[in-house]
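A short worksheet on the structure shown next.
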Amino acid sequence: MSGIGLFKTLEISAAGLSVQRMRLDVIAENLANVETTKTAKGEPYRKKRVVIKAVKDRARPAAGQMEFSRIMESNTGYIPLRLGRHSASEIPEGSVKTDDKTPFTLRYEPGHPDADKNGFVKYPNVNVIDEMVDMVTASRAYEANVTAIQTAKDMFLKAIEI
366 MSGIGLFKTL
376 EISAAGLSVQ
386 RMRLDVIAEN
396 LANVETTKTA
406 KGEPYRKKRV
416 VIKAVKDRAR
426 PAAGQMEFSR
436 IMESNTGYIP
446 LRLGRHSASE
456 IPEGSVKTDD
466 KTPFTLRYEP
476 GHPDADKNGF
486 VKYPNVNVID
496 EMVDMVTASR
506 AYEANVTAIQ
516 TAKDMFLKAI
526 EI
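Per this note's numbering: the sequence shown = residues 366 to 527.
Right under this line is the structure:
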């Protein structure tokens, strides 16, 4: 395995860590807003989801650079950003954060301040059980990437011993 291949291994796992952390941030946002019936837009909170798109490197970029294709879809709410360090509101390139278009949940609560004329309140389209399953999945994927990095590091050290 060449030096470039070893660094590529670390690079791929680091990208995976970044994406899984972003997934966990989005899940936390969804869970925090599970009862938010009115946002600044005047409607209930709409569940966010992360879409990850795996793509091939274009024309073998220089060592140390991951190349992802841009995801540009005008009317979908996709937000393409760069790969690397990012705040909780930013998303690695190759991944997108978009609103889930499933319908809101209706509950009959005539005394609620956000109830319509028929007494129904629109609640976010967030299912706590689905979010918990996604959280466990993202956590396991994060752990797998950490293990891959540790294994690559161990391989580096063994190669130096030889």
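Glycine included, C-beta positions come from ideal geometry on N, C-alpha and C.
In this chain, the beta strand (DSSP E) harbouring V486 covers F485 to Y488. Going by C-alpha positions, A524 is about 20 Å away from V511. Per DSSP, the unbroken alpha helix (DSSP H) holding R505 starts and ends at V493 to E526. In summary, M387 is buried, with 16 or more beta-carbon neighbours lying within 10 Å of its beta-carbon over all protein chains present. The three-state secondary structure of R411, taken from DSSP, is coil. Rounded to the nearest angstrom, the gap between the Cα atoms of T516 and T502 is 21 Å. Residue state for T467 is assigned as coil, using DSSP reduced to three classes. Within a 10 Å sphere around the beta-carbon of V416 sit fewer than 16 other beta-carbons, which makes this residue exposed. Among the bridge pairs identified by DSSP, K462 is matched with V415. Annotation for P468: N490 place their beta carbon closer than 8 Å to its own, counting only its chain and skipping 5 residues before and after.
Scanning its chain for C-beta atoms nearer than 6 Å, with the 5 sequence neighbours on each side dropped, one finds around T374 the residues A517, in chain order. Take the alpha-carbon of R472 and the one of V391: they are about 25 Å apart. A distance below 8 Å separates the beta carbons of K487 and P409. Within the DSSP secondary-structure output, R472 pairs in a beta bridge with V486. Residue burial is scored here from C-beta neighbours: T404 has fewer than 16 other C-beta atoms within 10 angstroms and is therefore classed as exposed.
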